[in-house]
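Here the structure is laid out as structure tokens; the discussion comes afterwards.
Protein chains: 2
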Amino acid sequence: MTASIKDVARAAGVSPATVSRALGKGPVSEALRAQVMEAVRVTGYRPNLAARRLRSQESGTIGLILADIGNPFFTGVARAVEAAAYEAGLRVLLCNTDEDPEREASYLALMQEERVTGLILAPTRATADRLAEAPPAMPVVLIDRPGPAGLFDSVLLDNAAASAALVDHLVAQGYRRIAGLFGQTSGTGVERAEGYRATMARHGLAPSWRFVPPQAEAAEAGFAALSREGQPEAVLASNSLLLMGTLQAVRAKGLRIPADLALAGFDNEPWTGLVEPGVTVIEQPLAEIGRQAMALLFERLRAPDAPVRKVMLSGRAILRGSTAPRRVLASML
Amino acid sequence: MTASIKDVARAAGVSPATVSRALGKGPVSEALRAQVMEAVRVTGYRPNLAARRLRSQESGTIGLILADIGNPFFTGVARAVEAAAYEAGLRVLLCNTDEDPEREASYLALMQEERVTGLILAPTRATADRLAEAPPAMPVVLIDRPGPAGLFDSVLLDNAAASAALVDHLVAQGYRRIAGLFGQTSGTGVERAEGYRATMARHGLAPSWRFVPPQAEAAEAGFAALSREGQPEAVLASNSLLLMGTLQAVRAKGLRIPADLALAGFDNEPWTGLVEPGVTVIEQPLAEIGRQAMALLFERLRAPDAPVRKVMLSGRAILRGSTAPRRVLASML
DNA sequence: CTGAAAGCGCTTACAG
DNA sequence: CTGAAAGCGCTTACAG
Chain A
1 MTASIKDVAR
11 AAGVSPATVS
21 RALGKGPVSE
31 ALRAQVMEAV
41 RVTGYRPNLA
51 ARRLRSQESG
61 TIGLILADIG
71 NPFFTGVARA
81 VEAAAYEAGL
91 RVLLCNTDED
101 PEREASYLAL
111 MQEERVTGLI
121 LAPTRATADR
131 LAEAPPAMPV
141 VLIDRPGPAG
151 LFDSVLLDNA
161 AASAALVDHL
171 VAQGYRRIAG
181 LFGQTSGTGV
191 ERAEGYRATM
201 ARHGLAPSWR
211 FVPPQAEAAE
221 AGFAALSREG
231 QPEAVLASNS
241 LLLMGTLQAV
251 RAKGLRIPAD
261 LALAGFDNEP
271 WTGLVEPGVT
281 VIEQPLAEIG
291 RQAMALLFER
301 LRAPDAPVRK
311 VMLSGRAILR
321 GSTAPRRVLA
331 SML
Chain B
1 MTASIKDVAR
11 AAGVSPATVS
21 RALGKGPVSE
31 ALRAQVMEAV
41 RVTGYRPNLA
51 ARRLRSQESG
61 TIGLILADIG
71 NPFFTGVARA
81 VEAAAYEAGL
91 RVLLCNTDED
101 PEREASYLAL
111 MQEERVTGLI
121 LAPTRATADR
131 LAEAPPAMPV
141 VLIDRPGPAG
151 LFDSVLLDNA
161 AASAALVDHL
171 VAQGYRRIAG
181 LFGQTSGTGV
191 ERAEGYRATM
201 ARHGLAPSWR
211 FVPPQAEAAE
221 AGFAALSREG
231 QPEAVLASNS
241 LLLMGTLQAV
251 RAKGLRIPAD
261 LALAGFDNEP
271 WTGLVEPGVT
281 VIEQPLAEIG
291 RQAMALLFER
301 LRAPDAPVRK
311 VMLSGRAILR
321 GSTAPRRVLA
331 SML
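Line by line, the protein sequences are chains A and B.
For the first sequence, position 184 (counting from the first letter as 1) is numbered 184 according to the UniProt record's numbering, and the numbering increases by one without interruption.
For the second sequence, position 78 (counting from the first letter as 1) is numbered 78 according to the UniProt record's numbering, and the numbering increases by one without interruption.
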């Protein structure tokens with residue numbers, strides 16, 4: 001089979017301990033180190049990580065559990081996490097739950113079995129609740145989605161402020177009947193819905209909203225349901241999948257944007273700037289979320305008993321044609 | 001720290017061997033199994049995968065090395081691979097190279113060190129070439145991109161046929177000056193370019209193309225370069241990032257599609273159907289690519305010496321407004 | 001069916 | 001700086 005450290009030792013005429021030291025940080029004379037390197041080359045030796053981890057009791061791995069690998073928000077965050085981990089000499093074990101609490105539980109168990117050094121997690125609401133009862137054995141940083149209050153370090157967007165900014169903008173542009181579609185599986189959806197409702201109330205407007213599964217098809221159905229309650233003048237969608245689904249529904253019904261319906265949402269994906277008109281969105285600082293999550297994790301590893309920290313990042317509104325000022329008269333074709 | 005199998009054995013009043021058997025497939029009496037399960041519950045025991053792998057000499061893991069986790073093509077394939085692996089009781093170790101041969105080499109080394117059971121890989125051209133000299137120690141299946149001929153199982157799109165279909169369609173719609181932008185890092189880009197050139201020749205048309213890095217920004221620059229050689233009537237882009245970059249360049253120049261320029265490319269991403277007009281694309285069977293890759297891997301594990309197999313899948317052309325028939329007269333605003 | 005023992009491939013005190 | 005020995009937490013022939 002594959003060469004082991006013993007084979008290398010034999011080829012180099014040294015002990016296995018010396019091979020281990022030469023490959024690691026131990027003190028070895030230059031002469032022996034060279035012999036060992038040559039023997040490594042000749043034998044094609046590759047260390048066995050399972051053995052190394054078992055012996056050293058260090059996995060050298062960060063776990064990253066995300067809700068949807070197909071969502072550019074999460075891939076953007078994953079990139080940043082991986083870059084920071086790589087710099088620190090750590091590996092990333094990436095898992096995708098598809099918003100399924102059962103898969104989340106299964107991956108949480110896996111992370112324990114892998115004895116990962118730390119865990120970065122974007123939990124569904126169901127898992128966020130359970131996290132308090134059965135906290136993982138390693139440090140955890142929550143990203144994008146809130147967990148049980150005060151128990152875990154977290155990096156979150158200021159969702160209430162972001163929703164408020166969108167509603168304020170729509171109101172300023174002349175829209176009043178503003179409806180909302182929010183993801184039902186995440187605490188983030190709840191926070192954005194709260195921000196929406198509070199801001200509508202502040203403006204003295206009646207809210208009209210639905211919680212739906214975070215998928216484009218669900219948004220189409222949700223939009224149809226909202227429309228049956230009275231055609232809205234504008235729709236706010238709490239993530240890019242819902243935004244896309246809403247746009248598809250709008251196109252299917254032949255509605256014009258923004259003349260018949262204004263549209264705003266979250267995540268500045270390339271397509272939101274390519275459709276006509278462009279869609280107004282809240283841009284999230286993906287890379288910063290990933291970096292901050294790793295920073296919190298490292299600090300937690302250094303100081304396990306430090307107080308729990310919550311990092312709140314602000315989104316940035318990107319205003320486009322989908323929320324142009326409302327024309328009260330019927331628009332002229 | 002965490003409980004080990006010894007702790008469970010002590011709590012259950014049995015030997016570690018019995019615990020191991022109760023948790024695995026070994027023969028254990030129902031009574032002892034129940035005792036063990038209760039002890040597992042009490043101690044909160046989770047098996048240590050590093051120890052299990054070291055002892056059993058089985059990683060239970062498939063490696064998946066992809067060129068770009070941000071490309072929906074690859075996330076789609078990854079989903080299918082993970083689903084098939086999960087069904088087989090295997091884990092997936094997912095790595096993202098960002099088209100960087102150095103990172104590819106580093107991840108190939110990692111896969112050896114993890115002793116993964118098998119490897120699914122979408123290599124850059126640079127790595128594909130090197131694969132012949134230093135073949136990995138485990139079975140390898142290439143996806144999306146060709147490798148050294150006849151050495152590895154592979155699942156590929158029929159790229160020449162797909163390019164030909166797009167060129168034939170453009171020609172049938174009345175376009176003649178058809179330019180091409182192709183990704184330079186992958187063998188796929190080369191195959192699509194070949195198909196483009198051969199089909200242009202078959203129609204007696206002069207080809208005009210550029211190889212560019214597979215990024216939207218590079219496509220904008222590449223499109224500018226092509227335009228300097230004479231404004232094309234149509235552009236073919238060999239993947240969705242290049243397609244998006246071309247569309248952005250077209251928008252920036254104020255060109256109308258298809259009146260000033262027809263556009264066609266690869267990958268049926270949602271945005272290609274949402275922009276106006278929709279963009280004609282070749283849809284790839286993402287899930288099928290992932291499934292076939294896993295199937296080839298399993299067969300290879302079962303029969304290491306079976307002949308090398310190459311699975312060729314066909315794309316499906318989705319025709320949209322971006323390639324509507326050419327109007328020879330200046331279009332009327 | 002069950003237990004005692006060996007050993008997977010490493011790293012790391014312990015001596016020298 | 002170097003080597004012999006122990007041991008990380010499991011699984012698996014080997015006996016019984």
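The C-beta atom is built at its ideal place from N, Cα and C for all residues, glycine as well.
Nothing here was measured: the structure is a model prediction, and the numbers come from that model.
Below 8 Å between beta carbons: does that hold for residue i and residue j?
{"i": "residue 192 of chain A", "j": "residue 238 of chain A", "result": "yes"}
{"i": "residue 98 of chain B", "j": "residue 68 of chain B", "result": "yes"}
{"i": "residue 321 of chain A", "j": "residue 277 of chain A", "result": "yes"}
{"i": "residue 327 of chain A", "j": "residue 259 of chain A", "result": "yes"}
{"i": "residue 195 of chain A", "j": "residue 160 of chain A", "result": "yes"}
{"i": "residue 36 of chain A", "j": "residue 50 of chain A", "result": "no"}
{"i": "residue 291 of chain A", "j": "residue 84 of chain A", "result": "yes"}
{"i": "residue 156 of chain B", "j": "residue 146 of chain B", "result": "yes"}
{"i": "residue 92 of chain B", "j": "residue 104 of chain B", "result": "no"}
{"i": "residue 54 of chain B", "j": "residue 54 of chain A", "result": "yes"}
{"i": "residue 297 of chain B", "j": "residue 101 of chain B", "result": "no"}
{"i": "residue 317 of chain A", "j": "residue 165 of chain A", "result": "yes"}
Just verifying my parser: in three-state terms, what is the DSSP assignment at residue i?
{"i": "residue 6 of chain B", "result": "helix"}
{"i": "residue 321 of chain A", "result": "helix"}
{"i": "residue 333 of chain A", "result": "Any answer about residue 333 of chain A is weak, because its pLDDT of 45 lies below 50 and its placement is not dependable; what the coordinates show is given next. Note: residue 333 of chain A maps to coil in three-state DSSP."}
{"i": "residue 289 of chain B", "result": "helix"}
{"i": "residue 200 of chain A", "result": "helix"}
{"i": "residue 61 of chain B", "result": "strand"}
{"i": "residue 90 of chain B", "result": "coil"}
{"i": "residue 283 of chain B", "result": "strand"}
{"i": "residue 275 of chain B", "result": "coil"}
{"i": "residue 31 of chain B", "result": "helix"}
{"i": "residue 49 of chain A", "result": "helix"}
{"i": "residue 222 of chain B", "result": "helix"}
Rounded to whole angstroms, what is the Cα-Cα separation between residue i and residue j?
{"i": "residue 335 of chain A", "j": "residue 8 of chain A", "result": "Because chain A spans 1 through 333 in this model, residue 335 of chain A falls outside it and cannot be assessed."}
{"i": "residue 170 of chain B", "j": "residue 124 of chain A", "result": "47 Å"}
{"i": "residue 253 of chain A", "j": "residue 228 of chain A", "result": "13 Å"}
{"i": "residue 306 of chain B", "j": "residue 34 of chain B", "result": "44 Å"}
{"i": "residue 127 of chain A", "j": "residue 117 of chain A", "result": "20 Å"}
{"i": "residue 79 of chain A", "j": "residue 66 of chain B", "result": "13 Å"}
{"i": "residue 181 of chain A", "j": "residue 71 of chain B", "result": "27 Å"}
{"i": "residue 271 of chain A", "j": "residue 271 of chain B", "result": "6 Å"}
{"i": "residue 263 of chain A", "j": "residue 202 of chain A", "result": "21 Å"}
{"i": "residue 250 of chain B", "j": "residue 284 of chain A", "result": "27 Å"}
Is it buried or exposed for residue i, if we count other Cβ within 10 angstroms and need 16 for buried?
{"i": "residue 303 of chain A", "result": "exposed"}
{"i": "residue 106 of chain B", "result": "exposed"}
{"i": "residue 244 of chain A", "result": "buried"}
{"i": "residue 57 of chain B", "result": "exposed"}
{"i": "residue 265 of chain B", "result": "buried"}
{"i": "residue 256 of chain A", "result": "exposed"}
{"i": "residue 29 of chain A", "result": "exposed"}
{"i": "residue 45 of chain B", "result": "buried"}
{"i": "residue 301 of chain B", "result": "exposed"}
{"i": "residue 26 of chain B", "result": "exposed"}
{"i": "residue 232 of chain A", "result": "buried"}
{"i": "residue 308 of chain B", "result": "exposed"}
{"i": "residue 24 of chain A", "result": "exposed"}
{"i": "residue 114 of chain A", "result": "buried"}
{"i": "residue 52 of chain B", "result": "buried"}
{"i": "residue 134 of chain A", "result": "exposed"}
{"i": "residue 87 of chain A", "result": "exposed"}
{"i": "residue 325 of chain A", "result": "exposed"}
Could you tell me which of the options sits nearest to residue i, measuring between CA atoms?
{"i": "residue 313 of chain A", "options": "A:214, A:301, A:288", "result": "A:288"}
{"i": "residue 267 of chain B", "options": "B:121, B:77, B:102", "result": "B:77"}
{"i": "residue 112 of chain B", "options": "B:197, B:64, B:13, B:154", "result": "B:64"}
{"i": "residue 38 of chain A", "options": "A:19, A:55, A:53, A:48", "result": "A:19"}
{"i": "residue 236 of chain A", "options": "A:251, A:294, A:208, A:213", "result": "A:208"}
{"i": "residue 204 of chain A", "options": "A:183, A:189, A:177, A:214", "result": "A:177"}
{"i": "residue 242 of chain B", "options": "B:261, B:220, B:108, B:234", "result": "B:220"}
{"i": "residue 47 of chain A", "options": "A:6, A:200, A:95, A:183", "result": "A:6"}
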